[in-house]
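The block underneath contains the structure these notes are about, expressed in structure tokens.
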Amino acid sequence: MNYIFYYFGKIPDYVEYSINSVLNADPRSRIFICSDEKVNFENVVHINPLLVESKNTKFVKKLNYFEDGDQNPLWSSSMMRIFYINDVANYFKLDSYVHFDSDVLIFKSFTDLSHLFKKNKFNITPLMKEFLVFGYSFIENRFIFSEIVEIISDILSNSRKYEEEFYSGNRLNEMKALYIASVINPKLFNLLPVLPDKDLVFDPGSYGQYLGGVHYKKFSKNYVNPEHIVGNSLINKEIYIENKGRAPKVIKDEKSYDIVNLHVHKKNLKKFQPKDYIWKTR
Numbered sequence: 364m365n366y367i368f369y370y371f372g373k374i375p376d377y378v379e380y381s382i383n384s385v386l387n388a389d390p391r392s393r394i395f396i397c398s399d400e401k402v403n404f405e406n407v408v409h410i411n412p413l414l415v416e417s418k419n420t421k422f423v424k425k426l427n428y429f430e431d432g433d434q435n436p437l438w439s440s441s442m443m444r445i446f447y448i449n450d451v452a453n454y455f456k457l458d459s460y461v462h463f464d465s466d467v468l469i470f471k472s473f474t475d476l477s478h479l480f481k482k483n484k485f486n487i488t489p490l491m492k493e494f495l496v497f498g499y500s501f502i503e504n505r506f507i508f509s510e511i512v513e514i515i516s517d518i519l520s521n522s523r524k525y526e527e528e529f530y531s532g533n534r535l536n537e538m539k540a541l542y543i544a545s546v547i548n549p550k551l552f553n554l555l556p557v558l559p560d561k562d563l564v565f566d567p568g569s570y571g572q573y574l575g576g577v578h579y580k581k582f583s584k585n586y587v588n589p590e591h592i593v594g595n596s597l598i599n600k601e602i603y604i605e606n607k608g609r610a611p612k613v614i615k616d617e618k619s620y621d622i623v624n625l626h627v628h629k630k631n632l633k634k635f636q637p638k639d640y641i642w643k644t645r
């Protein structure tokens, strides 16, 4: 399977741990890293997205949606990521690919998960009721994702309308924009299971925050956000989490479910990397 990574700026160490987890969990994978900084990882194809920008991406950049904003500057990069990974997929003609945030470890190969994905849909993890996040995503048809990109382009072009309708007038972020796109055309989306329902569970970010804490906060292990879909179930004691031998599982009604990925908000991926993983990026 193809995997597309995205990171702008100086690449931190944890990104290599994320890439290396793919090479270990899914040895037949082909990895592309979309970055403005050159990387020297083995078994990785580097592409500077600035060199393959589409007309639509250039148009969205000129909107300067986050200019003079008082929100997290990373949100601008995260929003543009939607457009850049689409450009890269089209440039390499990647009809199907996986994408997730660069602070994610994976424990399962794509083959192990393929039965959970729906064809001709954008498969993605929900974080909250009205937020979709790249804890894990898969697209089988790049033209489907291109449709979603066009929808988000329209959302940003008419941002005031969508801010008022969906976010109480607040500035949109990537997670909210993806959700709005799913409301506009729900047929293009499939939400992946983040609670025990199928045989496997995806982490949108909540399990990683519980096990490792949140970034920039000391002693934040066992962190739970009640607004998260997973967080609500943890608070109500409907599920429990265990991480024996660096193999995280969700427990519900005395039955265990393997966690596919771990979205490590604390960025300390080394702490959760399975001990049998070897370096394949060096």
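What the sequence shown shows, in my numbering, is residues 364 to 645, in sequence order. C-beta atoms are modelled at their ideal positions from N, C-alpha and C, and glycine is treated no differently.
### Message
Can you give me the C-alpha to C-alpha distance between Asn403 and Lys618, rounded to a whole angstrom?
### Response
43 Å
### Query
Of all the beta strand (DSSP E) runs that stay within the bounds of the segment 401-485, which reach a length of 3 or more residues?
The segment 401-485 contains these whole beta strand (DSSP E) runs: 407-410, 460-462 and 467-469.
### Message
Considering only their Cβ atoms, is the gap separating Glu503 from Lys482 smaller than 8 Å?
### Response
yes
### Task
For His626, write down the residues that DSSP places opposite it in a beta bridge.
Val467.
#### Entry: Best match in Tyr573, Phe485 and Asn588 for proximity to Lys550 [C-alpha to C-alpha]
Phe485
### Query
What is the residue span of the beta strand (DSSP E) that Leu554 lies within?
Phe552 to Leu554
### Message
Going by DSSP in three states, Lys524 sits in which element: helix, strand or coil?
### Response
helix
### Task
Within the same chain, show all residues whose beta-carbon is closer than 8 Å to that of Ala610, passing over the 5 residues directly before and after it, in chain order.
Excluding sequence neighbours, Ala610 sits near Phe470, Asp621 and Pro637.
### Message
If distances are taken between C-alpha atoms only, which option among Trp642, Leu558, Asp639 and Phe565 comes closest to Val627?
### Response
Phe565
### Task
Would you decide whether Gly594 is buried or exposed? Buried here means 16 or more other CB atoms lie within 10 Å of its CB.
buried
### Task
Under 8 Å Cβ to Cβ from Thr355, same chain only, skipping five residues before and after it: list those, please.
Because residue 355 is not part of the residues shown, which for the chain are 364 to 645, the question remains open.
### Message
Using the three-state DSSP reduction, which class does Asn365 fall into: helix, strand or coil?
### Response
strand
### Task
With Gly498 as the anchor, note down where its alpha helix (DSSP H) starts and where it stops.
Taken as a continuous stretch (DSSP letters only), Gly498 belongs to no alpha helix (DSSP H), being part of the beta strand (DSSP E) at Phe494 to Ile502.
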